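Residues 1 to 607, numbered by full-length UniProt numbering, are exactly what the sequence shown covers, in order.
We treat Cβ as the ideally placed atom computed from N, Cα and C, and that holds for glycine.
Note that the coordinates shown come from a computational prediction; the quantities given were computed from them, not determined experimentally.
Structure, as structure tokens:
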Amino acid sequence: MENGSSDYSGALELEQEPTSTSSSSSASAKQPGGWRSIKYIIGNESFEKVASMSLVSNLTVYLLSNYNLSNIYVVNVVQIWNGSSNIFSLIGAFISDTYLGRFKTLFFGSIASFLGILTITLTAGIRQLRPHPCDDNRHHCQSPDALQLAVLFFGLALLSIGAGGIRPCNIAFGADQFDSKTEKGRAQLESFFNWWYFSFTIALVIALTAVVYIQTNVSWTLGFAIPTCCLALSIAIFLLGRHTYICQKPQGSIFSDMARVISAAFRKRNVQASGRTVYNPAPTSEEAKTVQTDRFKFLDKAAIIVDPSELNDQGMARNAWRLCSLQQVEHLKCLLGVLPVWVTGICGFIVMDQQNTFGVLQAVQSNRSIGPHFKVPPGWMNLTSMIALSFWIFIYECVYIPLARKLSIKAPRLAMKKRISIGILLSILCMSVAAIVEKKRRDSALKHGLFVSPLSFAWLLPQFALSGLNEAFAAVSIMEYFTLEMPESMRTVAGAIFFLSLSIANYMGSLIVNIVHKITSSNGKTSWIGGNDLNHNRLDCYYSVIAALGGLNFIYFNFFACRYCDKDKDNLKTEAQQEHSNVVGESSEPNDEEKALDITGTTKRET
């Protein structure tokens, strides 16, 4: 916790009796934060994840079977909704850091999510809020009217707003309950992350199995009522622990600082940077003094002191929009430096999104029977990706790494550049396999004249497994790259730009779908991905287009973006270069601490 930044107004008052051992123990037990508050946070998170994931994983099937929407309409709705949820996560992070703090942001986000999922439950329970169902072959379907769509989109919008409040704050609020400056606090924090991911996994399994099965095979109303009750219980648990939390006060958003840097650099665009004094005040936290780097030098003008009147009597900037600190400038440089790899991530996430939409649609029109009485819910297909991801992480961490260390391999962990490249190759393989299987599924359905192909759903499992492995290699590595490239004060930004890449991937995926549909349906031709029946489309050709996009991404990464993954080649300014930077309050000679700094301005971290 930052010094003086914790708000203990909601915590219990402690009795000041240091001479009494029993009283001291009692006071310690009542102290806010720690495991006393974590039990409420993990309980809240577990029920919230059951609620949200049970809707996310089965929304495609719900829209297809209850709203009689075409395949392309369903894909657009799901992609835009996911993209909007990630965009709202950026807005939520800004509001939390600048105005409300994490506790209030989480609370209001949970309320919005509850109202959203309650609205979706009403659409399932009230017959007038949905169109009449289609016939068995989906040849005669009534389209939803404007009111029915308005209610549906209103519920989805509330869920996006709620996600914007919950996603950027839930795990960070839990981390706030421990003092990471002490060894005990760091150990407790590591244990918290383990328990947090454990609860997340359990919630995910419950959502993807039991709740999805009830939605698909028993009742959509009951299937949505369960997550609604879970979310209500989540809010109740969260409020029960309100007196035990450590609530950090809003410290201001780093995005505001970046806007100031751009503004100041633009205002001083005609100023000559050489030989000028740079504004670099002493850090207020335990972070080391910022070291100036050589990249994006045009931004350095934002920190140049043109006139002594720009500083007040205490040596601080009078106008933050005209003079920025070197740390603010370097933070923006750090963000710009990760953009090439960020673009690679966007292209990779477009491939991953295909299985959440078109992959599920394939499962709907495949033979999902196991025995005479049981049908696999289409939403269960996403379990394959999760299992494949978990399996690889287990093999990598528990088998490969220990074995490599026993064999005295110098660097047992795969290089980040290599992992991202493997992930991109797996995405290409995933789309190629999906195209082959879809052609086989479609040919089988047309041969027998059936809406549901006789081909077993098991043929779809490899493409879902490859999608999970793609996530394990590429997505995890890209998130790791963002985290390692950013200084500790910018860890929130690392999560924010990751969410932004997901959002852009969703919007671009929707754009690609519409472009392909428009081009392939011109001149009266049958669209590759339009209509209500995949058997009359050419989804295999669409998958080939996405595979080609993955190929372009592989070329782009290996010939350009990969050089930004090699942090060792990016060095600090040499001693001679530092002599040309006359920094306020510092000699031009770098000290030992500065020499140990990497280009982000923080001490080098072991990976």
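| Check | Outcome |
| --- | --- |
| Check whether residue 544 and residue 464 have beta carbons under 9 Å apart | no |
| As assigned by DSSP and simplified to three states, the class of residue 247 | strand |
| Residue 155 beta carbon less than 9 Å from that of residue 208 | no |
| Three-state secondary structure assigned by DSSP to residue 253 | coil |
| C-alpha gap between residue 150 and residue 141, whole angstroms | 19 Å |
| Check whether residue 123 and residue 152 have beta carbons under 9 Å apart | yes |
| Spatially closest choice to residue 109 from 435, 169 and 401, by CA coordinates | 169 |
| N- and C-terminal bounds of the alpha helix (DSSP H) containing residue 347 | 339 to 354 |
| For residue 367: DSSP bridge partner residues | 456 |
| Cβ neighbours of residue 241 in the same chain (closer than 6 Å, five flanking residues each side left out) | 37 and 40 |
| Length of the line joining the Cα atoms of residue 438 and residue 521 | 20 Å |
| Counted within 10 angstroms of its Cβ, other Cβ atoms place residue 56 as buried (16 or more) or exposed | buried |
| Coil, strand or helix - residue 305 by DSSP | coil |
| For residue 341 and residue 565, believed in contact at Cβ under 8 Å, the rounded distance | 6 Å |
| Burial state of residue 218, where buried means 16 or more other Cβ atoms lie within 10 Å | exposed |
| Cα-Cα separation, residue 453 to residue 508 | 30 Å |
| Contact set for residue 351: own chain, Cβ-Cβ below 7 Å, skip 5 residues either direction | 427, 430, 431, 470, 546 and 550 |
| Coarse secondary structure for residue 574, derived from DSSP in three states | Residue placement at residue 574 is flagged as unreliable, the pLDDT there being 34, under the threshold of 50; the coordinate-derived value follows with that caveat. Correct three-state label for residue 574: coil. |
| CB-CB length for residue 221 against residue 121, believed under 8 Å | 7 Å |
| Residue 353 versus residue 415: straight-line alpha-carbon distance, rounded | 25 Å |
| Start-end ranges of the alpha helix (DSSP H) lying completely within the stretch 101 to 171, minimum 4 residues | 102 to 125 and 146 to 166 |
| Proximity to residue 145 [Cα-Cα], best of 133, 160, 367 and 129 | 129 |
| Residue 17, buried or exposed, once every other Cβ within 10 Å from all chains shown has been counted against 16 | Low local confidence applies: a pLDDT of 39 at residue 17 is under 50, so the model's placement there is unreliable, with the coordinate-based value given in what follows. By the 10 Å Cβ count, residue 17 comes out exposed. |
| DSSP three-state assignment for residue 218, whether helix, strand or coil | helix |
| Residue 268 - DSSP class collapsed to helix/strand/coil | coil |
| Contacting residues, own chain, Cβ-Cβ under 7 Å from residue 174 (five flanking each side not counted) | 38, 41, 192 and 196 |
| At least three beta-carbon pairs within less than 8 Å, the stretch 326 to 344 to the stretch 478 to 489 | yes |
| Residue 76 versus residue 529: straight-line alpha-carbon distance, rounded | 12 Å |
| Residue 295 versus residue 333 - alpha carbon distance | 7 Å |
| Secondary structure of residue 317, DSSP reduced to three states | strand |
| Same chain, Cβ closer than 6 Å to residue 346, five either side skipped, listed in chain order | 501, 504 and 505 |
| Those residues which DSSP pairs with residue 374 across a bridge | 370 |
| Beta-carbon proximity of residue 273 to residue 304, cut-off 9 Å | yes |
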